[in-house]
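Input: a single structure, listed below in structure tokens.
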Amino acid sequence: MANMNMVQALNSAMDIMLERDPRVVILGEDVGYFGGVFRVTDGLQRKHGEHRVLDTPIAEGGIVAAAIGMGVNGLKPVAEIQFADYIYPAFDQVVSELARLRYRTAGEFSAAVTIRTPCGGGIRGGQTHSQSPEGIFTHVCGIKVVMPSNPYDAKGLLISSIEDEDPVVFFEPKRIYNGPFDGDPHKPAIPWSSHPSGAVPEGYYTVPIGRAEIVRPGKDVTVLAYGTMVHVAEAAVRLAGVDAEIVDVRTLAPLDVDTLCTSVCKTGRCVVVHEATRFSGYGAELVATVQEECFWHLEAPIQRVTGWDTPYPHAFEWEYFPGPARIAAALKSVMEAA
813 MANMNMVQAL
823 NSAMDIMLER
833 DPRVVILGED
843 VGYFGGVFRV
853 TDGLQRKHGE
863 HRVLDTPIAE
873 GGIVAAAIGM
883 GVNGLKPVAE
893 IQFADYIYPA
903 FDQVVSELAR
913 LRYRTAGEFS
923 AAVTIRTPCG
933 GGIRGGQTHS
943 QSPEGIFTHV
953 CGIKVVMPSN
963 PYDAKGLLIS
973 SIEDEDPVVF
983 FEPKRIYNGP
993 FDGDPHKPAI
1003 PWSSHPSGAV
1013 PEGYYTVPIG
1023 RAEIVRPGKD
1033 VTVLAYGTMV
1043 HVAEAAVRLA
1053 GVDAEIVDVR
1063 TLAPLDVDTL
1073 CTSVCKTGRC
1083 VVVHEATRFS
1093 GYGAELVATV
1103 QEECFWHLEA
1113 PIQRVTGWDT
1123 PYPHAFEWEY
1133 FPGPARIAAA
1143 LKSVMEAA
């Protein structure tokens, strides 16, 4: 085992898969010579060559289209979109081609493409470098959507995504690329050496797609979160002083309904947290699922803590960011409800 941050864990996952499977190809803007804008692919081109780790033009639609062509012809492409904010030019390729390929050909063709992209705020990136569009992709039939919250899961889930025969959109919360976030914007990230999830096997392993994880057991209230918000929720629970059970959703589609609802049925209360905008955000799907499956066990209305329904502001980033104080207030409110 080694202490790795998320950048190192993701790099290790791709390195291992490039070695294990000659069909694996990495492509994207600056992923080769430069090693990626966040250094996630650093050293992979030097080790595996320009034919396995390819720099592409600045054309997201072309990147995904090329990956689809590779996948149809038997390769296992891992395409990087430099920021999740830039994925929209490729949206038509993802929805109209990649997600529908197996269905429209009656199973004759498929493309096992993994699309990696960093998402979320907390790095002072403003409205064009801080978006969280995961909810848009969970609405698309035919693709899986994953967002890890720690290095161990990041590596295991990325390996599982690359090996999966279905397309996967893999969101990477860039606020915790270099360590977890304790919720205080004025303090640096906690080093992974002080966090139990920092121990990552150096070799091959997988974390199954489609399973959530209980990262903090509790009996009073269930918090459903993913990505950076898992760590912020942990800070909020300490601030609120409640015995909350935190469930890391991890795989947004397909959703692990059993784990989520077992927790909510046990606690009788639920707070849903995500960084993306509130209206039609992914949290609405979580709320609807819990309401449908756990109604007779609920002791209070489900609450959501999210980003605001505005573009991500640069000057007021920490007012937009769902911080510990906002989540703690929701936890106290749901505990006080009759």
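According to this note's numbering, the sequence shown is numbered sequentially starting from 813. Built from N, CA and C at the ideal position, the CB exists for glycine as well.
CB of I1139 within 9 Å of CB of V1033, strictly: no
Buried versus exposed, by CB contacts within 10 Å (16 or more), N885: The residue is exposed, with fewer than 16 neighbouring Cβ atoms inside 10 Å.
When S824, V925, H941 and V952 are compared against L1064, the one with the closest alpha-carbon: V952
Close-in-space but distant-in-sequence residues of the same chain around T1040 (CB under 8 Å, 5 per side omitted): G932, G934, S961, P985, R987, I988, F993 and E1087
Closer than 8 Å: A891 CB and nearest the ligand GTP heavy atom: This structure simply doesn't include the ligand GTP, nor any ligand for that matter.
8 Å CB neighbourhood of T1101 in its chain, flanking five on each side removed: L1067, V1069, L1072 and C1073
Three-pair Cβ contact test at 8 Å for the stretch 936-954 versus the stretch 1079-1098: yes
A1127 burial status per 10 Å Cβ neighbour count (16 or more: buried): exposed
Residue burial classification, I870 (beta-carbon count within 10 angstroms, cutoff 16): exposed
Exposed unless 16 or more other CB atoms sit within 10 angstroms - verdict on S972: buried
Bridge partners - S1082, DSSP secondary structure assignment: Just to set this straight, residue 1082 is Cys in the shown sequence, not Ser. According to DSSP, which records beta bridges pairwise, C1082 is partnered with T1034.
Rounded C-alpha distance that separates V1042 from R858: 35 Å
Option nearest P1125 by Cα separation, candidates T940, V837, G919 and S1075: It is T940.
CA nearest to the CA of K1078, picked from V980, V849 and I1026: I1026
Residue range of the beta strand (DSSP E) that includes R1028: E1025 to R1028
Every unbroken alpha helix (DSSP H) within the stretch 864-893, with a cutoff of 4 residues, ordered by chain: 872-884, all fully within the stretch 864-893.
Alpha-carbon spacing of V1080 relative to I875, whole angstroms: Checking the sequence shown, residue 1080 turns out to be Gly, not Val. Going by the C-alpha atoms only, they are around 46 Å apart.
Cβ-Cβ separation, R1062 to V958 (assumed contact under 8 Å), whole Å: Indeed, because the Cβ distance is near 7 Å, the residues count as touching under 8 Å.
Expected contact under 8 Å - CB spacing of G1054 and L1143 to nearest Å: Note on identity: in this sequence residue 1054 is Val, with Gly being the wrong assignment. Contact flag correct, Cβ pair sits at about 5 Å.
Bridge partner(s) assigned by DSSP for A975: The amino acid occupying residue 975 in the given sequence is Glu; Ala does not appear at that position. Bridge partners of E975: none, in fact.
Range of the contiguous alpha helix (DSSP H) that encloses G1095: Y1094 to C1106
Helix, strand or coil at C1073 [DSSP, three-state]: helix
Close beta carbons around Y1017, own chain, < 6 Å, minus the five adjacent residues each side: G968
Exposure label - D833; buried when at least 16 CB within 10 Å: exposed
Buried/exposed call for A1037, threshold 16 Cβ in 10 Å: buried
Neighbourhood of S824 by C-beta distance below 8 Å, restricted to the same chain and skipping five residues each side: M816, K967, V1012 and E1014
For I828 and V819, the rounded distance between their alpha carbons: 14 Å
Residues that DSSP places opposite Q1115 in a beta bridge: V1083
Strand pairing of D788, partner residues [DSSP]: Because the chain here runs from 813 to 1150, residue 788 falls outside it and cannot be looked at.
The stretch 885-894 touching the stretch 838-853, judged by at least three CB pairs closer than 8 Å: yes
S1005, buried or exposed, once every other Cβ within 10 Å from all chains shown has been counted against 16: Annotation note: pLDDT 34 at S1005 (below 50); position unreliable, coordinate value reported separately. So S1005 ends up on the exposed side.
Three-state class that DSSP yields for P1136 in the structure shown: helix
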